[in-house]
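One structure below.
Protein chains: 2
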Amino acid sequence: MKDVKFNYNPHISVDCVVFGFDGEKLKILLIERNIDEGKEFYSDKKLPGSIIYEEEGLDTAASRILTELTGLKNVFLTQFHSFGDPQRSSNPRDVNWLEMTTQTKIGRIVTVAYIALIKIDRKIVFDSESTTAKWYDLDDLANMKLAFDHNEIALKALSFMRRFISLVPNALFELLPKKFTMTELRSLHDIVVGVTSDVRNFQKKVLQTPGLIPLDEVKKNVPHRAPKLYSFDKRKGSKIFF
Amino acid sequence: MKDVKFNYNPHISVDCVVFGFDGEKLKILLIERNIDEGKEFYSDKKLPGSIIYEEEGLDTAASRILTELTGLKNVFLTQFHSFGDPQRSSNPRDVNWLEMTTQTKIGRIVTVAYIALIKIDRKIVFDSESTTAKWYDLDDLANMKLAFDHNEIALKALSFMRRFISLVPNALFELLPKKFTMTELRSLHDIVVGVTSDVRNFQKKVLQTPGLIPLDEVKKNVPHRAPKLYSFDKRKGSKIFF
DNA sequence: TGCTTATATTGTAAAAAATACGCTATGAAA
DNA sequence: TTTCATAGCGTATTTTTTACAATATAAGCA
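For the record, the sequence lines run as chains A and B. Per my numbering, the first sequence runs over residues 1 to 242. Per my numbering, the second sequence runs over residues 1001 to 1242.
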C-alpha cells in the first residue's frame, strides 16, 4: 500500500478534515475502517490521516495522505491546529490499527490538523485496502464516536473553517461546483457563516466581487424557473490569508 | 536545570514568540545563547522554546518552557502554527546546542509555535544557566539571523498576531500596563493593526467597550497636560476566539 | 507668576455601508 | 392554461464610519 522506500516518523501525524457541500448541507469525509479483532469484527470511523515520513514536510504529508486515502489531488488544504494531549493516542484499538496499517511501532503521537475544502462532485476513490471513504452529514458528527480525538479535531476544524471563510469568503468557491447558481452560493454562505442573508442584498454585494462571472447559461432540469449559472475566476478574485 | 524525573520527547518542540509593547514600539523577547565551540565562542539568538516531555501536553509544555526561560507565569499563550520542514533542524550548531542543554539525542523536530502577549513591565528572569532573555525591537528582526527557522516563525507569528487582534481587540490589553492612557491604547492598536486612527473616533468606539473603566487618576510626571488613566476588566469585556 | 510648550479633551455633519422590504417573471408539471 | 415553485430585480431607511478643529491643562522656564 505504501512506498517502502520511505521510513515513517511514528511521532507525528497529519489529519485532514475534508469539507464538502451537497447543495443543502455541509459534509465531512470520513474513513471507515474495519478492524479484525480475532473474536469479533469491529468497524468505526476516523479522519483521513496518518503518520508522516521521516523526510517529509507537513503540508506535503497532508497532501500525500489525502491522495492515498481518497485519490484526491490539488486540494485546497490549510493547517489549522496541532493536537498533542498525551492521552490522545492511548486507545489500544487506535494504536493497534495504526501499527498494523503502517507496520510501525507507535507511541505517543502529536498530530497536525488540516482543513480541506473540495467540490463534492470530484471523483473520490472510495475504497482502499482496509478503508472506505464516505461523506457524512456534519450534523451527525455529534452522534458518532470517531477514533483518537477526532471528534474534537473535527469540531475545532469547523469553528476554524467558519472563521476562515468570514476572513476569506472567496474560499467558499472551493466547495461549489465550477458552475453554480446564486442560490447555491447564498445558501452555502449562510450555512457556513451562520446567518440568513437577504436575497437581494446578498446578490448586490456578491456581484461586485471581481472574478465572479455570470454565464450565458441556466441550470437545466429544475422543476421551476431555471436559474442563471455563474462561475468564479480565482485569478481575478483572490485575497490572501497568511 | 531541568527536572530529571521527566523524559524528553526529542521529536517535538514548542517555541514561543513573546510580544511586548514599550509605549512606542512592538518588542519581541529573544534568548541569547552562548555557544562554546572549543576554538571559538559563538553567540546568537533564538525564540524561547525547547523539546517537550514525553508525558506533557502542548499548551502545558509551552507554558512550562516559558516559565523556565523567563520566569513568567500566567501568560496569555495561543498556539498558532506548526513548522515541520525536514531541514529546519539541520544546522549542526542548533542540534549540538539542543543536545547539550537537554542531554538528549536529537533528530528531526517538528515545532508547535505559540504567541504570547505580555506586559513589558513584568519582571523577567533575564539570566538562566546558559542563556539570557532580552527584548528586541521587532523592526530589527529582519537584520538578525535567528537559530533554526525562527525568523520564519517570528514573521508568521507577527502576521497571526495582527489578524488575531483584529478579531479579538481585547487581547491588546494583555500588552498594556494595568493602568494606561487612551493615547497608549490607540498607538498600540494602530501599530498592531497597521492603521492610523482618528483620535476622536477611536475614543468614541473604545469607550463603548464593556470592561473599559476610566479611573479617577491621571498619569504623573508628563511635561504637558496629564492624561487620564484607564483600566480594563477582563471579566466584563471578553470575547472568545477558539 | 505668567508665558510657552506639548499633548488632552471633546461634538457634529457628511458619506458610506448595511438593512428592510414585495412584486413580477418564467420553466416545469399537471 | 393553470398551478407551483423559485428566479430576478430597485428603492427608501437606518446604522456605521469617516472627516474635521478649537479649547483645556500640566509642566517647565523666564
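C-beta atoms are modelled at their ideal positions from N, C-alpha and C, and glycine is treated no differently. All of these numbers come straight from a predicted model, not from anything done at the bench.
{"Item": "Can you tell me where the beta strand (DSSP E) with A:Ile52 in it begins and where it stops?", "Value": "Gly49 to Tyr53"}
{"Item": "With respect to the alpha helix (DSSP H) encompassing A:Val17, which residues constitute its N-terminal and C-terminal limits?", "Value": "Run containing A:Val17: none in the alpha helix (DSSP H); it sits in the beta strand (DSSP E), Tyr8 to Phe21."}
{"Item": "Can you tell me which of B:Phe1126, B:Val1222, B:Ala1226 and B:Asp1139 puts its alpha carbon nearest to the alpha carbon of B:Glu1032?", "Value": "B:Phe1126"}
{"Item": "Is A:Arg33 helix, strand or coil when you go by DSSP?", "Value": "strand"}
{"Item": "Would you say A:Ser82 faces chain B, with C-beta separation under 8 Å as the test?", "Value": "yes"}
{"Item": "What residues in the stretch 75-107 of chain A have a beta carbon less than 7 Å from any beta carbon of chain B?", "Value": "Gln79, His81, Ser82, Gly84, Asp85 and Pro86"}
{"Item": "Strictly under 8 Å for the Cβ-Cβ distance: is B:Glu1054 near chain A by that measure?", "Value": "yes"}
{"Item": "Taking just the CA atoms, how far does B:Phe1019 sit from B:Leu1175?", "Value": "8 Å"}
{"Item": "Looking at the secondary structure, which residues open and close the alpha helix (DSSP H) in which A:Pro92 lies?", "Value": "Pro92 to Thr102"}
{"Item": "From A:Ile213 to A:Glu152, what distance separates their C-alpha atoms?", "Value": "38 Å"}
{"Item": "Quick check: is the beta carbon of B:Asn1310 nearer than 8 Å to any beta carbon in chain A?", "Value": "Since the first residue of chain B shown is 1001 and the last is 1242, residue 1310 of chain B is not available in this structure."}
{"Item": "Under a three-way DSSP split, which group does A:Glu56 fall into?", "Value": "coil"}
{"Item": "Put B:Ala1157 into one of helix, strand or coil per three-state DSSP.", "Value": "helix"}
{"Item": "Determine, using beta carbons only, whether A:Val193 comes closer than 8 Å to chain B.", "Value": "no"}
{"Item": "Hey, could you find the ends of the beta strand (DSSP E) B:Lys1045 is sitting in?", "Value": "Phe1041 to Lys1046"}
{"Item": "So, using beta-carbon positions, are B:Tyr1114 and B:Ala1147 closer together than 8 Å?", "Value": "no"}
{"Item": "Would you identify the three-state DSSP class for B:Ile1213, choosing helix, strand or coil?", "Value": "strand"}
{"Item": "Shortest alpha-carbon distance to B:Asp1149 belongs to which of B:Tyr1008, B:His1011, B:Pro1010 and B:Asp1015?", "Value": "B:Asp1015"}
{"Item": "Counting contacts by CB-CB distance shorter than 8 Å, is A:Val17 in contact with chain B?", "Value": "no"}
{"Item": "For A:Asn9, go through chain B and note every residue whose CB falls closer than 8 Å to its CB, in chain order.", "Value": "His1011 and Arg1108"}
{"Item": "Got a sec, what are the start and stop residues for the alpha helix (DSSP H) A:Val192 sits in?", "Value": "Met182 to Val193"}
{"Item": "Look up B:Ala1133 in the DSSP assignment and say whether it is helix, strand or coil.", "Value": "strand"}
{"Item": "Name the DSSP bridge partner or partners of B:Gln1079?", "Value": "B:Tyr1114"}
{"Item": "The beta strand (DSSP E) spanning B:Phe1232 covers which residue range?", "Value": "Lys1228 to Phe1232"}
{"Item": "Any idea what DSSP makes of A:Val254, helix, strand or coil?", "Value": "Beyond the ends of chain A as shown, which are 1 and 242, falls residue 254 of chain A; an answer cannot be given."}
{"Item": "Helix, strand or coil: which one does DSSP assign to B:Ile1165?", "Value": "helix"}
{"Item": "Would the stretch 45-63 of chain A count as touching the stretch 185-192 of chain A if we require 3 or more Cβ pairs under 8 Å?", "Value": "no"}
{"Item": "Any idea if A:Ile49 is buried or exposed, counting beta-carbon neighbours within 10 angstroms, 16 or more meaning buried?", "Value": "A quick correction: the sequence has Gly, not Ile, at residue 49 of chain A. Buried: at least 16 other Cβ atoms inside 10 Å."}
{"Item": "If we cut at 8 Å on Cβ distances, does A:Gly57 have a partner in chain B?", "Value": "yes"}
{"Item": "Rounded to whole angstroms, what is the Cα-Cα separation between B:Lys1002 and B:Lys1039?", "Value": "Low confidence applies to B:Lys1002: its pLDDT is 48, below 50, so where it sits in the model is not reliable enough to give any reading."}
{"Item": "When we look at the beta-carbon of A:Ala142 and count the other beta-carbons within 10 Å, is it buried (16 or more) or exposed?", "Value": "exposed"}
{"Item": "Would a check of beta-carbon distances place B:Val1218 closer than 8 Å to chain A?", "Value": "no"}
{"Item": "Under 8 Å, do B:Asp1137 and B:Lys1025 count as touching if we go by C-beta distance?", "Value": "yes"}
{"Item": "Please report the Cβ distance between A:Ile124 and A:Leu66, rounded to the nearest whole angstrom; I am assuming they are in contact, meaning their Cβ atoms lie under 8 Å.", "Value": "No, A:Ile124 and A:Leu66 are not in contact; Cβ-Cβ is about 10 Å, not under 8 Å."}
{"Item": "Output the distance between the C-alpha atoms of B:His1081 and A:Leu77, rounded to the nearest integer angstrom.", "Value": "14 Å"}
{"Item": "List the residues that DSSP assigns as beta-bridge partners of A:Lys27.", "Value": "A:Gly20 and A:Asp137"}
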